[in-house]
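Using the numbering used here, read the sequence shown as starting at 11 and increasing by one per residue. The next block holds one structure in the form of structure tokens; read it before the comments.
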Amino acid sequence: DFIIVQNAKQNGCSMYSLDRHFSLMEPVIGFELFGN
11 DFIIVQNAKQ
21 NGCSMYSLDR
31 HFSLMEPVIG
41 FELFGN
């Protein structure tokens, strides 16, 4: 999951996911997440 977030952040992309891991990483890493 971290590699996916890292790739999205480096490329300035937002993410859509219902996975709890992504919602836990969102405030720490600082990427835009939709779906939670």
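The C-beta atom is built at its ideal place from N, Cα and C for all residues, glycine as well.
Proximity below 9 Å, CB of residue i to CB of residue j
| i | j | result |
| --- | --- | --- |
| Val53 | Met25 | In this structure the chain extends from 11 to 46, so residue 53 is not present and cannot be described. |
DSSP three-state assignment for residue i, whether helix, strand or coil
| i | result |
| --- | --- |
| Phe32 | helix |
Residue burial classification, residue i (beta-carbon count within 10 angstroms, cutoff 16)
| i | result |
| --- | --- |
| Phe41 | buried |
| Phe32 | buried |
When the options are compared against residue i, the one with the closest alpha-carbon
| i | options | result |
| --- | --- | --- |
| Gly45 | Ile13, Ser27, Gln20, Gly22 | Ser27 |
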